[in-house]
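Here the working numbering is used: the first residue of the sequence shown is 0, the next is one more, and so on.
Don't be surprised by glycine CBs; every beta carbon is placed ideally from N, CA and C.
As the structure is a prediction and not an experimental result, all values here were calculated from the model.
Working notes for the structure below.
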Amino acid sequence: MSVIISRALPDARDGLKPSQRRILYAMHDLSLFPNRQHRKCAKICGDTSGNYHPHGEAVIYPTLVHMAQAWAMRETLVDGQGNFGSVEGDPPAAMRYTEARMTHLGAALMVDMDKDTVDFVPNYDETRTEPTVFPAAFP
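Below, the structure written as structure tokens:
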């Protein structure tokens, strides 16, 4: 039961699962804001895996793709460039062919995060810290 609560269910405070939060936070570290250029998804997934989510980038990429699909989420949090699949079920292109950055709403989730609005915890190898939740400027 604790695995379901800690990984599979979104947190009611910001509406995100831990894997989604870690991807967006890694994008924040890479400065992939809406006014910046897109970066390769392989880079985003590699940084997320290396710094925050040690389960391999192959499991991170589908979560990143899901956050970029307009038909999968009410509001997209990732602005994808390239083939991110289709509503008919076509698979997305490999991560080396796609690029992404945060949308305005994705970036708005982290507004005022640097002002001690949320708690930070050590990552899996205690070399960095990551937020427990985002301040979530919108519901």
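Legend entry - Proximity of Tyr24 and Tyr60 at Cβ, strictly below 8 Å: To locate residue 24, count along the sequence shown from 1; it is residue 25. To locate residue 60, count along the sequence shown from 1; it is residue 61. No.
Legend entry - Sequence-distant residues of the same chain with beta carbon closer than 8 Å to Arg127, five excluded per side: The residue you call residue 127 lines up with position 128 of the sequence shown. Within the same chain, Arg127 has close Cβ partners Asn50, Tyr51, Pro121.
Legend entry - Cβ shell of Gly79 (< 7 Å), same chain only, five flanking positions each side left out: For the purposes of this step, residue 79 is identified with residue 80 of the sequence shown, where counting begins at 1. Counting only Cβ-Cβ distances below 7 Å, and skipping sequence neighbours, we find Ala67, Thr97, Ala99.
Legend entry - Beta-bridge partners of Val120, as assigned by DSSP: What you label residue 120 is simply residue 121 of the sequence shown in a count that begins at 1. Its beta-bridge partners are Glu129.
Inset, instruction - Ignore the nearest five residues each way along the sequence and tell me which others in Glu74's own chain have a CB closer than 7 Å to its CB. - result: Counting from one through the sequence shown, the residue named residue 74 turns up at place 75. Excluding residues within five positions, the ones whose Cβ falls inside 7 Å are Leu104.
Inset, instruction - In the DSSP assignment, find the unbroken alpha helix (DSSP H) run with Asp46 in it and report its ends. - result: Position 47 of the sequence shown, counted from the first residue, corresponds to residue 46. Asp46 -> alpha helix (DSSP H) spans 40-50.
Inset, instruction - State yes or no: is the beta carbon of Met72 nearer than 8 Å to at least one beta carbon in chain C? - result: Looking for chain C here will not work: only one protein chain is present.
Inset, instruction - Would you identify the three-state DSSP class for Gln80, choosing helix, strand or coil? - result: Taking the sequence shown and counting its residues from 1, one reaches residue 80 at position 81. Gln80: strand per DSSP, three-state reduction.
Inset, instruction - Pick helix, strand or coil for Ala99, following the three-state DSSP scheme. - result: Along the sequence shown, read from residue 1 onward, the residue named residue 99 stands at position 100. Here Ala99 sits in strand by DSSP.
Inset, instruction - Identify, in the order they occur along the chain, each residue of the same chain with its Cβ nearer than 8 Å to the Cβ of Glu56, setting aside the five sequence neighbours on each side. - result: Indexing the sequence shown from 1 puts residue 56 at position 57. Closer than 8 Å at Cβ, skipping near neighbours: Ala41, Cys44, Gly45, Thr47, Ser48, Met94.
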